[in-house]
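The sequence shown begins at 1 in full-length UniProt numbering and counts up one residue at a time.
Note that the Cβ used here is the ideal one computed from N, Cα and C, for glycine as well.
Remember, predicted model here, so these are calculated numbers, not experimental data.
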Amino acid sequence: LHGPSAPLPASSFDIASSRHCNMSLAVYCCCQCFLTAFSLFLSSSRFLLQSLEDLDYSLRKLNSRLFVIRGQPTDVFPRLFKEWNISRLSYEYDSEPFGKERDAAIKKLACEAGVEVTVRISHTLYDLDKIIELNGGQSPLTYKRFQTLISRMDVVEVPVESITADIMGKCSTPLSEDHDDKFGVPSLEELGFDTEGLSSAVWPGGETEALTRLERHLERKAWVANFERPRMNANSLLASPTGLSPYLRFGCLSCRLFYFKLTDLYRKVKKNSSPPLSLYGQLLWREFFYTAATNNPCFDKMESNPICVQIPWDRNPEALAKWSEGRTGFPWIDAIMTQLRQEGWIHHLARHAVACFLTRGDLWIGWEEGMKVFEELLLDADWSVNAGSWMWLSCSSFFQQFFHCYCPVGFGRRTDPNGDYIRRYLPILRGFPAKYIYDPWNAPEVVQKAAKCVIGVHYPKPMVNHAEASCLNIERMKQIYQQLSCYRGFGKDTRKLDTDRHSSQTSKDR
1 LHGPSAPLPA SSFDIASSRH CNMSLAVYCC CQCFLTAFSL FLSSSRFLLQ
51 SLEDLDYSLR KLNSRLFVIR GQPTDVFPRL FKEWNISRLS YEYDSEPFGK
101 ERDAAIKKLA CEAGVEVTVR ISHTLYDLDK IIELNGGQSP LTYKRFQTLI
151 SRMDVVEVPV ESITADIMGK CSTPLSEDHD DKFGVPSLEE LGFDTEGLSS
201 AVWPGGETEA LTRLERHLER KAWVANFERP RMNANSLLAS PTGLSPYLRF
251 GCLSCRLFYF KLTDLYRKVK KNSSPPLSLY GQLLWREFFY TAATNNPCFD
301 KMESNPICVQ IPWDRNPEAL AKWSEGRTGF PWIDAIMTQL RQEGWIHHLA
351 RHAVACFLTR GDLWIGWEEG MKVFEELLLD ADWSVNAGSW MWLSCSSFFQ
401 QFFHCYCPVG FGRRTDPNGD YIRRYLPILR GFPAKYIYDP WNAPEVVQKA
451 AKCVIGVHYP KPMVNHAEAS CLNIERMKQI YQQLSCYRGF GKDTRKLDTD
501 RHSSQTSKDR
């Protein structure tokens, strides 16, 4: 019941309940909002359906099956409570506003039907409400403050053991011969997708794949032993077989399992030394944004959002479409957006580059528009993390150093001087020498013709003058921030709001 954003992995079963019951049914509800929203997003739909199929496969090993229910939860569950004679409902706590509203309605219906409700916190490391309580009833809005708070929290709970046939005991699942027709996982075709010629997924969904990737991740003992922020290079831009973020987002991988596996390995390598908080960076940044968002239903909006700077962004559908579709005329930006559209993932510093370009760097288009595109295309776009990251990168909240701007030419060139990433995702530019592949409009006509790509004919000219646009937008941001009483100026004492995620690759090029 985690909602359309995350199926429950097999390990999320309420083990304590299963030991003392005669019948157990694993249910995933596909409500109409899921069928409508996800039918627009091929990559997310495929990942989710693969995850559900994998969960069903795991349950078969326990002589059980997954029950995929179609319909609104508030309509479906009262009927199922009676039809299946349910005495207990167990589900994973959803900290995001929509999920809390949905689950409160389900809990009320369950109580009215005499069904006992058990809610487990497992999608986050900590009880977010306790973090907020420890902070005087307010969500911490700086990462430093967040770290201080969790250092005073109880230790992270150990993940539950994996379910086995012995744990299930006499607990059975009644199955009918027409189970697949009634409760089977829907297909991509059922959701309206044309799958002819569909390439294999770069990120296959499911807990089985997640655990395989986790083991690969943990094999990097040298990285754990000498933990430091990995340096950005051309290979970093490509999807890694050890990547885990989509699996955390969809609930295929337990964040606690990841946490404790990292901890155990670090202590083995470092001879029982306590690991630094930086070891858990990916998990803790995720936790930070979840905490910031949990009590703010307008977290994904600028208006009525109490933590968001109100910026008069431009509305430019044509420019937005060029950015979204990879037609800006800047190969670095277009290659990133092409990879995102094809594979459903891009490196976090690539996200910084395209987000800055869309908002405060070049196009001056609101961060909400970019967030919606990422929500559609990005496999690991948690609602909280996606919205929080876009506010951060647009300097609308959390981060105020608007005078730092990513150059859409220089940043990519420093990362991948030869331009192999560009050639991979923009084959039309494959013939350009490295000298011009990031700014092909500067190539002499003879070079363009030799590359069989004339700028303005075969590939678009740059949609903006970056030097002029970035200078103008920095001045705009300066004027906006000067009106804020909380802003402390532009000198050496300028307030830095947790900039460690960005500082290693931030470009001052304009």
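Closest to residue i by C-alpha separation, out of the options, would be which residue?
i: C442; options: G169, W345, G329, M371; result: Correcting the residue identity first, residue 442 is Asn in this sequence and not Cys. Among G169, W345, G329, M371, the Cα nearest to that of N442 belongs to G329.
i: T242; options: F398, L214, R430, L59; result: L214
i: S151; options: D416, W390, P275, F250; result: P275
i: T212; options: N233, T195, F258; result: F258
i: S139; options: E376, F289, G192; result: F289
i: S172; options: C21, V160, A381; result: C21
i: L49; options: L426, E318, F193, L320; result: F193
i: P312; options: E196, A381, Q479; result: Q479
i: W323; options: N296, L363, E190, V309; result: L363
i: M153; options: G169, E133, A165; result: E133
i: L426; options: S187, D166, Q448, T338; result: T338
i: V115; options: S245, N316, S87; result: S87
i: A234; options: R424, F398, A210, L191; result: R424
i: S24; options: S162, L175, V160; result: L175
For residue i, which beta-bridge partners are listed by DSSP?
i: Y247; result: Paired residue(s): none; Y247 is not in a bridge.
i: M23; result: S172
i: I455; result: Y459
i: D314; result: I365
What are the boundary residues of the beta strand (DSSP E) that residue i is part of?
i: A26; result: 26 to 30
i: L66; result: 66 to 70
i: T294; result: That residue, T294, is in no beta strand (DSSP E); it is neither H nor E in DSSP.
i: Y436; result: Unbroken run through Y436: none, as it is neither H nor E.
i: S139; result: S139 -> no beta strand (DSSP E), and no H or E assigned at all.
i: S90; result: 88 to 92
i: R120; result: 116 to 120
Between residue i and chain C, is any beta-carbon pair separated by less than 7 Å?
i: D129; result: Looking at the structure shown, chain C is missing, and only one protein chain is on hand.
Considering only residues of the same chain and omitting the five flanking positions on each side of residue i, which have a CB-CB separation below 8 Å?
i: G491; result: At G491, the pLDDT of 44 sits below 50, so the modelled position is not reliable; the number obtained from the coordinates is stated separately. Here the set comprises nothing.
i: K82; result: A113
i: S353; result: According to the sequence shown, residue 353 is Ala rather than Ser. W332, I333, I336, Y406, P408, F411, G412, listed in sequence order.
i: R510; result: At R510, the pLDDT of 32 sits below 50, so the modelled position is not reliable and the matter cannot be decided from this model.
i: H458; result: I428, K452
i: K461; result: G329, W441, I455
i: A450; result: G431
i: S273; result: Y266, R267
Tell me which same chain residues have a C-beta within less than 6 Å of the C-beta of residue i, skipping the five on either side of it?
i: G184; result: none
i: F299; result: A293, A387
i: T359; result: W367, S394
i: N383; result: Checking the sequence, you will find Trp at residue 383 rather than Asn. So the list reads E96, once near-sequence residues are dropped.
i: S503; result: Residue placement at S503 cannot be trusted, given a pLDDT of 34 that sits under 50; what the coordinates show is reported in the next sentence. None.
i: S236; result: H347
i: L340; result: I346, L377
i: K107; result: V117
i: H217; result: T242
i: F403; result: I474
For the alpha helix (DSSP H) that residue i lies in, which residues bound it at each end?
i: R145; result: 143 to 150
i: V76; result: 73 to 83
i: E157; result: Note, E157: premise wrong, no alpha helix (DSSP H); not H, not E.
i: F98; result: 97 to 112
i: T328; result: Taken as a continuous stretch (DSSP letters only), T328 belongs to no alpha helix (DSSP H), as it is neither H nor E.
i: T212; result: 207 to 218
i: I163; result: Note, I163: premise wrong, no alpha helix (DSSP H); not H, not E.
i: D300; result: Neither: D300 is in no alpha helix (DSSP H) and is coded neither H nor E.
i: Y421; result: 420 to 425
i: T263; result: 255 to 269
i: I480; result: 466 to 482
i: W392; result: 383 to 393
i: G192; result: Looking at the DSSP string, G192 is not in any alpha helix (DSSP H), and its letter there is neither H nor E.
i: R360; result: Segment: none, R360 is in no alpha helix (DSSP H) and carries neither H nor E.
i: Q400; result: Careful: Q400 lies outside any alpha helix (DSSP H) and carries neither H nor E.
i: V447; result: 445 to 450
i: G412; result: 410 to 415
Sorted by chain position, which residues of the same chain lie with C-beta nearer than 7 Å to residue i's C-beta, five sequence neighbours on each side aside?
i: C356; result: L393, C405, Y406
i: residue 514; result: Outside the displayed range of the chain (1 to 510) lies residue 514, so it cannot be described from this structure.
i: E157; result: R256
i: L320; result: I365, E369
Is residue i near the ligand NAP, with its Cβ less than 6 Å from a heavy atom?
i: H348; result: Within the structure as shown, the ligand NAP is missing, as the structure has no ligands at all.
>> Any contact between the region 402 to 418 and the region 438 to 453? By contact I mean 3 or more CB pairs, one from each, below 8 Å.
In response: yes
> Do the region 302 to 317 and the region 143 to 163 make contact, defined as three or more Cβ pairs closer than 8 Å?
Replying inline: no
>> Three Cβ pairs or more, each shorter than 8 Å: is that satisfied between the region 188 to 201 and the region 55 to 75?
In response: no
>> Contact between the region 259 to 270 and the region 361 to 376 is defined here as three or more beta-carbon pairs at a separation below 8 Å; is this criterion met?
In response: no
>> With three or more beta-carbon pairs closer than 8 Å as the criterion, would you say the region 242 to 261 touches the region 204 to 219?
In response: yes
> Is the region 84 to 93 touching the region 118 to 133, taking contact as three or more C-beta pairs under 8 Å?
Replying inline: yes
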